[in-house]
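In our numbering, the protein residues as written are 204 to 1122.
Ideal Cβ placement from N, Cα and C applies to all residues, glycine included.
Bear in mind the structure is a predicted one, so any value in this text is a computation, not a measurement.
Here's the structure, in structure tokens; my notes come after.
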């Protein structure tokens, strides 16, 4: 909470934190005097600025610290006992240049090691920290308010200048949050007392979660979809997790609130008073809200929990206005010189209009007449088509214009149009990685972060991950399923805006990245060293390791899926009332047991991580992708290829032995999505196909031929609206057709791909924005891209240029040729999706609190889900009622149903980007 006021902001912040109370709580009179000297203007600014800023720009930190004599323990020593000076000098390397706020936070413990020294000065490019004759008690006291700057905040607080307090929109909604008037406005159980400005409650041992609490008594209003900012300071005599809720909850009534707007468990209190911050958006209107801190349920010893400086502000936000952009809708990235060049004009006119193509100097270089289309059913507006395909000159900052009207957004005509898109689309996956520190040298300082979910406090996964508690799974499966083992399920990609990891969605995502590489092995105009997928093409740690980067990135997820397999000879597990052997099956998913707030850096996620019950669908996804990995990694790493194929064989046998263990739709809203699937014929078809392509073994060919999809028509194999994670027969058919193999009836399989592509083109020809879809479901952008993959693969196989033309035109929609002129790929175009829903990139929320947000915006290449005709989140509910098709989108951080990111959407973009960059 640095720099809350003008003048000397760091000093102001610390004085605000201390407020004269924390000093008296732990420090004796003479120590207070020394502390006052230390906290004078010069020394305080010196100390904190050096610790937080200056050392970050040096190569080494020289520090000296003193430790107490072993004769006096901290627990029993008198506060007047002086330190015994045992000086030690060390040199700690720090990288030069700008570091992220997360890296800055890790610098503070270096400045506070040991007990005794508390001053520093900069000399000749180094930081020298000198010992001051203070007792360890003073140093410990100081650490109690300095170290919380690095504590586990659900929302990190910037060290940059914040917006003035009046920008928070309302006065503090919490009455007497600093307890300066005692306890009016509050009730607690057991009854608490105010000590030095903190309300402290003694919590008896073995108190259940809701039996002890601190709660406001003066109700306040929470307005649906507004943004609220909760702050408080708390500590416990013994480390403990507490639970916070807002909404109408009466602890004495014993009932839980209905749809609490803030419902966060496991807020980790330590013995150090720490500031905590939460930003949340109420999903429900509540006119009689309360704020409750539940204190019990986490400790079998008597504990004291103290609370202070509680504030809750509503942040003013302007009403969302859907900007539909310019009337001429174009691909804002641009067009290929030898490709189609189409634009869409929104106009009430039913007559042909004159258009001009103008270069960067405003000179008309081409002109023509529009083709009136009429009403576009996907948007409900009257449109025309502009075709300027015949213009092939290369240049930048072209614009289309109708006489007397506003010109379009600028665009390029270039044969290098999609050169960087594959790299940026794939960069999204590196930044979604779990279990690895994200390197500033690869992604830039604002996206660097520590490794997430590596069982380092406060994380509770993923290196040692248990199954769900039986009482939790009983709600989902209607029976108390659990397991008696833990698994190391580190690595993998965070699925979407959340930080769960789901095998079925990881399956399609991994497959599309592997397919992007594999097409370079069999298409006639590519080579093994095709640049966009070759070694060194991506900004990932494995670059230049001798392996293609697309394979390296896919391997990170493949390693996770292999770890999700139930170990051999595991005890039987409960399914439909019976205990069965699930060895070799794959757990469907793993994620937090409760939702985390936005934003939440992965390394600060305090929730319990859990394995969910194995499923047949997840097992077959692992089998298929492991088989693909085996045949591709066989070119480079025989050991890994063998490990993949061995796991695939075990999983395939387990799936055939247990063909109907489905993931139910009821397994949702406990910290993750369901990814339910009760029809696994497509997964069996896909797994058998990949196993056959890799091994050529008859058993897998027989399973392909006997599967329902082997004889299905093209409209079943390639359904309207495109394929997805629950319809993997399309992936199987594409690989059986494209990757060399000797499957019986392969010519018919190839023909089905052509027919499927023709069906999509027939739909495209009825749509003025050249989309392949006629409805707009959740993640509709990926549906469009997956249709492009089918059409583009038809071109790769046949070399029929009509498929190429269609696929390239289909890309226009994603980059702005749509009803709202939205380029859904961040960083590509003039009007791009910027406020995506993600716990990693929720910059819109932190921007409301600080002028320079510490939570970054989405990275370049991240794609939003897109228009959703059935929006299901607070901003969309308010803004999109009655919306039509392409208008059903809101660029709001809370709109998870239209504006989230996801790995299966990113993989579709990566495949199409790789293909387009080859043209």
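Out of curiosity, what's the CA-to-CA distance linking residue i and residue j?
{"i": "residue 767", "j": "residue 789", "result": "5 angstroms"}
{"i": "residue 396", "j": "residue 503", "result": "22 angstroms"}
{"i": "residue 1110", "j": "residue 712", "result": "5 angstroms"}
{"i": "residue 598", "j": "residue 1014", "result": "20 angstroms"}
{"i": "residue 465", "j": "residue 701", "result": "17 angstroms"}
{"i": "residue 578", "j": "residue 1070", "result": "19 angstroms"}
{"i": "residue 448", "j": "residue 500", "result": "15 angstroms"}
{"i": "residue 852", "j": "residue 697", "result": "27 angstroms"}
{"i": "residue 829", "j": "residue 893", "result": "9 angstroms"}
{"i": "residue 422", "j": "residue 375", "result": "12 angstroms"}
{"i": "residue 514", "j": "residue 882", "result": "50 angstroms"}
{"i": "residue 979", "j": "residue 404", "result": "53 angstroms"}
{"i": "residue 1112", "j": "residue 860", "result": "36 angstroms"}
{"i": "residue 744", "j": "residue 831", "result": "23 angstroms"}
{"i": "residue 1122", "j": "residue 667", "result": "46 angstroms"}
{"i": "residue 958", "j": "residue 936", "result": "12 angstroms"}
For the beta strand (DSSP E) containing residue i, name the first residue and the last one.
{"i": "residue 834", "result": "It is not in any beta strand (DSSP E) - residue 834 instead sits in the alpha helix (DSSP H) that spans 819–836."}
{"i": "residue 1084", "result": "That residue, residue 1084, is in no beta strand (DSSP E); it is neither H nor E in DSSP."}
{"i": "residue 959", "result": "Counting along the chain, residue 959 falls outside any beta strand (DSSP E), though it belongs to the alpha helix (DSSP H) covering 949–967."}
{"i": "residue 674", "result": "Careful: residue 674 lies outside any beta strand (DSSP E), inside the alpha helix (DSSP H) at 673–680."}
{"i": "residue 1103", "result": "From DSSP, residue 1103 is part of no beta strand (DSSP E); its letter is neither H nor E."}
Based on the DSSP output, what are the partners of residue i in its beta bridges?
{"i": "residue 880", "result": "866"}
{"i": "residue 537", "result": "615"}
{"i": "residue 391", "result": "417"}
{"i": "residue 579", "result": "584"}
{"i": "residue 694", "result": "Answer by DSSP bridge pairing: none, since residue 694 is not bridged."}
{"i": "residue 514", "result": "434"}
{"i": "residue 628", "result": "Looking at the DSSP assignment, residue 628 forms no beta bridge with any residue, so it has no partner."}
{"i": "residue 403", "result": "396, 509"}
{"i": "residue 574", "result": "588"}
{"i": "residue 549", "result": "586"}
{"i": "residue 782", "result": "777"}
Excluding five sequence neighbours on each side, which residues of the same chain lie with their C-beta closer than 7 angstroms to the C-beta of residue i?
{"i": "residue 537", "result": "614, 615, 616, 617, 620"}
{"i": "residue 810", "result": "469, 663, 795, 796, 797, 799, 874"}
{"i": "residue 1114", "result": "715, 718, 719, 992"}
{"i": "residue 1038", "result": "1047, 1094, 1095, 1096, 1102"}
{"i": "residue 1120", "result": "621, 622, 624, 625, 735"}
{"i": "residue 835", "result": "717, 720, 721, 754"}
Under a Cβ-count criterion, where at least 16 other Cβ atoms within 10 Å of its own Cβ denotes burial, should residue i be classed as buried or exposed?
{"i": "residue 420", "result": "exposed"}
{"i": "residue 1118", "result": "buried"}
{"i": "residue 910", "result": "buried"}
{"i": "residue 782", "result": "exposed"}
{"i": "residue 532", "result": "buried"}
{"i": "residue 886", "result": "buried"}
{"i": "residue 600", "result": "exposed"}
{"i": "residue 1018", "result": "buried"}
{"i": "residue 780", "result": "exposed"}
{"i": "residue 904", "result": "buried"}
{"i": "residue 895", "result": "buried"}
{"i": "residue 1157", "result": "Here the chain covers residues 204 to 1122 and nothing more, so residue 1157 does not appear."}
{"i": "residue 760", "result": "buried"}
{"i": "residue 609", "result": "exposed"}
{"i": "residue 551", "result": "exposed"}
{"i": "residue 1107", "result": "buried"}
Please list the terminal residues of the continuous alpha helix (DSSP H) segment that includes residue i.
{"i": "residue 709", "result": "706–725"}
{"i": "residue 1096", "result": "Segment: none, residue 1096 is in no alpha helix (DSSP H) and carries neither H nor E."}
{"i": "residue 1067", "result": "Looking at the DSSP string, residue 1067 is not in any alpha helix (DSSP H), and its letter there is neither H nor E."}
{"i": "residue 1012", "result": "1004–1014"}
{"i": "residue 479", "result": "Where residue 479 is concerned, there is no enclosing alpha helix (DSSP H), although the beta strand (DSSP E) it sits in stretches over 477–483."}
{"i": "residue 756", "result": "752–766"}
{"i": "residue 933", "result": "932–941"}
Looking only at its chain, what residues have a beta carbon closer than 8 angstroms to the beta carbon of residue i, apart from the 5 residues adjacent to it on each side?
{"i": "residue 940", "result": "949, 952, 953, 955, 956, 996, 1000"}
{"i": "residue 1011", "result": "539, 542, 543, 1119, 1122"}
Given residue i, which residues of its chain have a CB within under 6 angstroms of its CB, disregarding the five upstream and five downstream residues?
{"i": "residue 570", "result": "559"}
{"i": "residue 473", "result": "442"}
{"i": "residue 1041", "result": "700, 1104"}
{"i": "residue 1125", "result": "Lying outside 204 to 1122, the shown extent of the chain, residue 1125 is not represented and no answer is given."}
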